[in-house]
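Residue numbers (the UniProt record's numbering): 1 to 734.
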């Protein structure tokens, strides 16, 4: 029987926030397994990683957990499918924090495409790639990459009839070149002499990488600086050398066939130092073209393209044979794969990622032991690990990036690149099955749609949470016992505040709970009951925010995160977690017990959540506890509403609501209302798009939906992650 992948994320009852490094840890292991030093994440566990059909990450920019819970009813698919949820450390530019700051909302233009059809606007974007601009997309023979005479003049190559090259030796390789002409890699190391740069070592390799020449050379003039750090040359090495430049020139002339093509990295410097003229050269520093005349270093290209480490710091200086071989292999790779494949490597993004990693490492070295500095808002994102997109490409996998392009309206060439969520979905349905790692970014529109009224939205959601946690009970007799009321209602769960309402003809009490289940238990079990000598009515405040309260409660009960979880209140506060394990351990299939604690004091509250292996086991446990209640137990229980992530978020919202609220004008409130209605429609469509994409995924696909989080004047709004591995029922497994 074929094994299925399974995801275990023991986050139930844990108040933890997942950093982007921890998320990176998960993505890297899911995509690469144990290759490239990938290890199991520290905060969750993937079983049978090798059986994963793929990894799909859906990013919803400018959205946080606030938006998920504000539009909870609209996110019908997300709340019913993804079993595992986690708080995510907010990031100003989430994708840049993982892959480098130059990565815009993902699109095919970055060169990271699926294995078959072109991604959105790929043809338009690829035309702006400097490699495609220079060579086109089709494969060509090696003669297409030989520098022209004009290019040799421009880049200061030694040429016949040039005044600067009087006395230079010609290789006499004057036969016409063809696409089958032999390639030779050439590299020299120089020392600084009284004359200038003079050759002190020469290496030549053939097309099979065999070293034909690796010779030390005695310079004509006195050496001023050996440049040992780069050249690897020392005084001691050159002391016994008798070979002169003229000897090397003679040997090279004899070794090179008449149609030879020399390959090197900035080969003009080597030929100038050799004082030789050769008509046919391929310069890898120009072959892998960049904008604005910039060039990639040979060390970077060798690692990014060939997966080879050269010019290592542990070695004394560069090895010219190694450099010549690397340049030759780079040229061979370019010729064999063609410009389009090379452009797909997206070298610019990989270079930025490498530089950020270097900066991060230097900071770590310079910081005092135990130092934990806070990152500044405008500071480049911290990357503790190199980008694994490079590793995917080295292993032959092709990541797919799809999303909406943020455009510069001043650039008319970009005016046709904007894409809707519907277009992105259509491309995703076509291309995701052909890629093992995909990032799909859906957007609700321009960033300011969500950020413009963010603070008011936060206050409104907090107000709704407060109303749902609040109940009114009464009427009571004039001299009722408040202590008896507190005791009776306290059995439903921890009370935040209790006040007597005196504006009514008979007194009522207003009780705000700390737990949503407690408020619901009070409404369900004490409405119509006799408390403190009075038959009372228990209800929530009637506001616009609570009109859909019953619908929301029902949706929370059906939330996949609450499946198999029940809430139990009325516990004695003296009981420890060990005591409770003994009490509830007799219940069948009990998987975990979460005893709530006060966030400030750390003391246990009088309630807990019980998680069972199956939903039926939870139903059976409720029946057992109800039997205990019938026999006189003080316990009260019901299905969980906010057992995991939502409970922690409600606690945070309660803390935030303690801050002073700002006045909001009528115009602002109307604007907020219009914005909400617009967003509700967009969120419903967005949820439908994700549902359609999710249903199209193969079984055993790891799917992660990310609300990256935002920053506001209230402080930062944490992000939210939902994840699961799709099983044959269309739900997230494990």
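All C-beta atoms, glycine included, are put in the ideal place defined by N, C-alpha and C.
Query: Going along the chain, which residues of its own chain have a beta-carbon closer than 7 Å to the beta-carbon of residue 545, five neighbours each way excluded?; Result: 463, 464 and 467
Query: By how many angstroms is the C-alpha of residue 173 removed from the C-alpha of residue 256?; Result: 7 Å
Query: For my contact list, residue 578 and residue 604 are in at a C-beta cut-off of 8 Å; report their separation, rounded to the angstrom.; Result: So it is not a contact: roughly 12 Å between Cβ atoms.
Query: Near residue 201, which residues of its chain fall below 6 Å by C-beta distance, leaving aside the five closest residues on each side in sequence?; Result: 189, 216 and 320
Query: Measure the CB-CB distance between residue 328 and residue 199 and report whether it falls below 7 Å.; Result: no
Query: Can you tell me where the beta strand (DSSP E) with residue 639 in it begins and where it stops?; Result: 636 to 639
Query: Assign residue 229 to buried or exposed, taking buried as 16 or more other Cβ atoms, counted over all protein chains shown, within 10 Å of its Cβ.; Result: exposed
Query: Starting from the Cα of residue 227, find the closest Cα among 473, 22, 7 and 318 and give me that residue.; Result: 318
Query: Rank 259, 436 and 488 by C-alpha distance to the C-alpha of residue 183 and give the top, closest one.; Result: 259
Query: Do the stretch 502 to 519 and the stretch 576 to 590 make contact, defined as three or more Cβ pairs closer than 8 Å?; Result: no
Query: Between which two residues does the alpha helix (DSSP H) harbouring residue 228 extend?; Result: 228 to 231
Query: Is it buried or exposed, residue 436, if we count other Cβ atoms within 10 angstroms and call 16 or more buried?; Result: buried
Query: Residue 518 and residue 538: beta carbons closer than 7 Å?; Result: no
Query: For the stretch 610 to 620 against the stretch 591 to 598, do three or more pairs of beta-carbon atoms, one drawn from each stretch, fall closer than 8 Å, so that the two count as touching?; Result: yes
Query: Check the DSSP bridge columns for residue 337 and list the partner residues they point to.; Result: Answer is none; residue 337 lacks a bridge partner.
Query: For residue 68, I'd like the list of residues in its chain whose CB is within less than 7 Å of its CB, leaving aside the five on either flank, ordered along the chain.; Result: 75, 707 and 720
Query: Taking the beta strand (DSSP E) that residue 490 falls in, what are its first and last residues?; Result: Taken as a continuous stretch (DSSP letters only), residue 490 belongs to no beta strand (DSSP E), being part of the alpha helix (DSSP H) at 482 to 490.
Query: Specify the secondary structure class of residue 564 as computed by DSSP and reduced to three states.; Result: coil
Query: Do you know how far the Cα of residue 542 is from the Cα of residue 488?; Result: 23 Å
Query: So residue 7 and residue 723 are supposed to be a Cβ contact under 8 Å. How far apart are they, rounded?; Result: 7 Å
Query: Could you pull the DSSP bridge partners for residue 612 from this structure?; Result: 590
Query: Suppose the cutoff is 6 Å on Cβ atoms and the five residues either side in sequence are ignored; what does the same chain contact list for residue 26 look like?; Result: 41
Query: Going by other Cβ atoms of all chains shown within 10 Å of its Cβ, with 16 needed for buried, is residue 298 buried or exposed?; Result: buried
Query: Any idea if residue 403 is buried or exposed, counting beta-carbon neighbours within 10 angstroms, 16 or more meaning buried?; Result: buried
Query: Check whether the stretch 163 to 182 touches the stretch 132 to 151, taking contact to mean three or more Cβ pairs, one atom from each stretch, closer than 8 Å.; Result: yes
Query: Could you tell me which uninterrupted beta strand (DSSP E) segments, each at least 3 residues in length, are contained entirely in the UniProt domain "RRM" (469 to 543), listed from first to last along the chain?; Result: 470 to 474, 495 to 501, 508 to 513 and 537 to 539
Query: With residue 617 and residue 588 assumed to form a contact (beta carbons below 8 Å), what rounded beta-carbon distance in angstroms separates them?; Result: 6 Å
Query: How would you label residue 85, buried or exposed, when you count the other beta carbons within 10 angstroms and need 16 or more for buried?; Result: buried
Query: Using the Cα positions of residue 336 and residue 138, report the straight-line distance between them to the nearest angstrom.; Result: 11 Å
Query: Please find out if some non-hydrogen atom of the ligand FMN comes closer than 6 Å to the beta-carbon of residue 313.; Result: The ligand FMN is not among the ligands present in this structure, which contains no ligands whatsoever.
Query: So, under 8 Å CB-CB, residue 23 and residue 718 are touching, yes? Tell me the CB distance rounded to an integer number of Å.; Result: Not confirmed; about 13 Å, so no contact.
Query: Would you kindly work out how many angstroms separate the C-alpha atoms of residue 525 and residue 570, rounded to a whole number?; Result: 13 Å
Query: I believe residue 38 touches residue 29 by the beta-carbon criterion, under 8 Å. Please report the beta-carbon distance rounded to the nearest angstrom.; Result: 5 Å
Query: Per DSSP, residue 197 is paired with what?; Result: 192
Query: Can you tell me which of the three DSSP states residue 318 falls into?; Result: coil
Query: Residue 326 and residue 302 look like a contact to me (Cβ under 8 Å); what is the Cβ gap, rounded to whole Å?; Result: 4 Å
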